[in-house]
Every structure is written in structure tokens, then in C-alpha cells.
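Student: Sharing a structure below in C-alpha cells format, with a few things to ask.
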Amino acid sequence: MPNRIEPGPNQESVWDYPRPPRLERTDARIRVVFNGTTIVDTTQAYRVLETSHPPVYYSPPDDIAEGVLQHAGRTSHCEFKGRAQYYDVVVDAERAQQAAWTYPSPTPRFQDMAGYVAFYAHQMDACYVDDEQVDAQAGSFYGGWITSRVVGPFKGGPDTIGW
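Numbering follows UniProt numbering, in which position 52 of the sequence shown is assigned residue number 52; successive positions increment by one, without gaps.
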């Protein structure tokens, strides 16, 4: 088990997040930029908090630019949230494959975020929580966003599979 980093003022430790994960509304301003275009700008997002993971932010479909999401034909299953569907993100001629996902019919615990969409930060030009640009959670599967408000260590890197 890794050594938990002690959070400072105005910080959270991902090791204090629950398992199974918790869904909570956030009033932080969430922005996503792809191919030079802001495709998400919302203060109505949810975040999912799970032990050892930075928060994953889910934006309401009404606050996502029209026409930028195209079904990718891929699904996956989360033991807590249910079946996810993936989207390609397309702006002009630029395409990020399987760069976003949603839970159209999540489990009851996560019903409030049905249809909301999360984005892989590493596939976007930039993602922001308030005015802070996030760092992507390591690995190609997890979609957490790391800001100065959260401390780890974070799951996702090469030696974290057993966490």
C-alpha cells in the first residue's frame, strides 16, 4: 500500500475518498478545450470520488458544444456505475478517438449523472477546474483530473495495479 500524502490547507487526499465511490455535485467551473475550441463550459457538473483516484468530472449534455460527440461503438462496465458508452470528440477535421464517455443508465446510486459526459484530459488540448489547468491521471483507462486541490499518490501508474 502506498504512503498517503497528508493534505495541506484547501486540499483533499484521494485516500480519504470512499470505496465504493461517491457522487457529488460541484459548482466549480469545468471547461474542456479541443482543437482550439471550448467544447464544455459548465458550473453544473458532478464529480465521482473514489479511493486512490483523482476526481472524475461529468458535464451535463446541455453544456457540451453541439455536434462534437460521435458514438465510438465501444462500451465498458464499471462494477459501481454500470455500462459506459464512449464517444469520439470531433471539432472540424480533428478527432480524438474514445476520448469521452457517459453512463446512459447508471446504477441507482449514480442515477443523477445519467447522460452526463466525462473527458480524458490527456486527449484534449486542455481541461480546467475553475481556472486551473488539470493534469491527467496516469494510464490510458482512468479519467481523473489532478489539480493542486488533491494529493495522492494516485492510482494509474505502472506499479499501481494492485491498489
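Even glycine gets a Cβ: it sits at the ideal position worked out from N, Cα and C.
Measure from the alpha carbon of Glu6 to the alpha carbon of each residue in Pro60, Ile161 and Gly152, then state which is nearest.
Tutor: For the purposes of this step, residue 6 is taken as residue 6 along the sequence shown, with counting starting at 1. Ranking the options by Cα distance to Glu6, first place goes to Gly152.
Student: Which residue or residues does DSSP assign as beta-bridge partners of Trp101?
Tutor: Within the sequence shown, numbered from 1, the residue matching residue 101 stands at position 101. Tyr86 and Ala118, per the DSSP bridge assignment.
Student: Assuming Val48 and Leu69 are in contact, meaning their beta carbons sit under 8 Å apart, how far apart are those beta carbons, in whole angstroms?
Tutor: As a position in the sequence shown, residue 48 is number 48, starting the count at 1. As a position in the sequence shown, residue 69 is number 69, starting the count at 1. Val48 to Leu69, Cβ: 19 Å. No contact.
Student: Quick check on DSSP: helix, strand or coil for Asp41?
Tutor: Within the sequence shown, the letter at position 41 stands for residue 41. Asp41 falls in the strand class under three-state DSSP.
Student: Identify which residue in Arg149, Pro2 and Tyr142 has its Cα closest to the Cα of Gln98.
Tutor: For the purposes of this step, residue 98 is taken as residue 98 along the sequence shown, with counting starting at 1. Here the closest residue by C-alpha is Tyr142.
Student: CA-CA distance, Phe80 and Pro9?
Tutor: Here residue 80 refers to the residue found at position 80 when the sequence shown is read from its first residue. Here residue 9 refers to the residue found at position 9 when the sequence shown is read from its first residue. Taking C-alpha positions only, Phe80 is separated from Pro9 by approximately 31 Å.
Student: Please go through the same chain and pick out, in chain order, the residues whose beta-carbon is closer than 7 Å to the beta-carbon of Ser52, but skip the five residues on each side of it.
Tutor: Translated into the one-based positions of the sequence shown, residue 52 becomes position 52. Answer for Ser52: Val14, Trp15, Phe154, Lys155 and Trp163, listed in chain order.
Student: Drop a sphere of 10 angstroms on the beta-carbon of Gln11, count the other beta-carbons inside from all chains shown, and report buried for 16 or more, exposed for fewer.
Tutor: Within the sequence shown, numbered from 1, the residue matching residue 11 stands at position 11. Label assigned to Gln11: exposed.
Student: Identify whether Gln70 lies in helix, strand or coil by the three-state DSSP scheme.
Tutor: Here residue 70 refers to the residue found at position 70 of the sequence shown. Strand at Gln70.
Student: Answer yes or no: do Pro55 and Gly144 have a C-beta to C-beta separation smaller than 8 Å?
Tutor: Working through the sequence shown from its first residue, we reach residue 55 at position 55. Working through the sequence shown from its first residue, we reach residue 144 at position 144. Yes, the Cβ-Cβ distance between Pro55 and Gly144 is below 8 Å.
Student: Out of curiosity, what's the CA-to-CA distance linking Asp125 and Gly67?
Tutor: Along the sequence shown, one-based indexing puts residue 125 at 125. Along the sequence shown, one-based indexing puts residue 67 at 67. Each residue's Cα considered, the two are about 18 Å apart.
Student: Can you list, in chain order, the residues of its chain whose CB lies under 6 Å from that of Arg83, leaving out five sequence neighbours each side?
Tutor: Taking the first residue of the sequence shown as 1, we reach residue 83 at position 83. Counting only Cβ-Cβ distances below 6 Å, and skipping sequence neighbours, we find Thr75 and His77.
Student: By the DSSP assignment, the beta strand (DSSP E) with Tyr58 in it spans what residues?
Tutor: On the sequence shown, residue 58 is found 58 positions in, with the first residue counted as 1. His53 to Tyr58 is the span of the beta strand (DSSP E), which, as asked, contains Tyr58.
Student: Nearest by alpha-carbon distance to Thr147: which of Asp135, Tyr103 and Gly157 is it?
Tutor: Along the sequence shown, one-based indexing puts residue 147 at 147. Looking at the Cα atoms, Asp135 is the closest of the given residues.
Student: Give the C-beta separation of Asn3 and Asp92 to the nearest angstrom, bearing in mind that I take them to be a contact with Cβ-Cβ under 8 Å.
Tutor: For the purposes of this step, residue 3 is taken as residue 3 along the sequence shown, with counting starting at 1. For the purposes of this step, residue 92 is taken as residue 92 along the sequence shown, with counting starting at 1. Incorrect: roughly 45 Å between the Cβ atoms, too far for contact.
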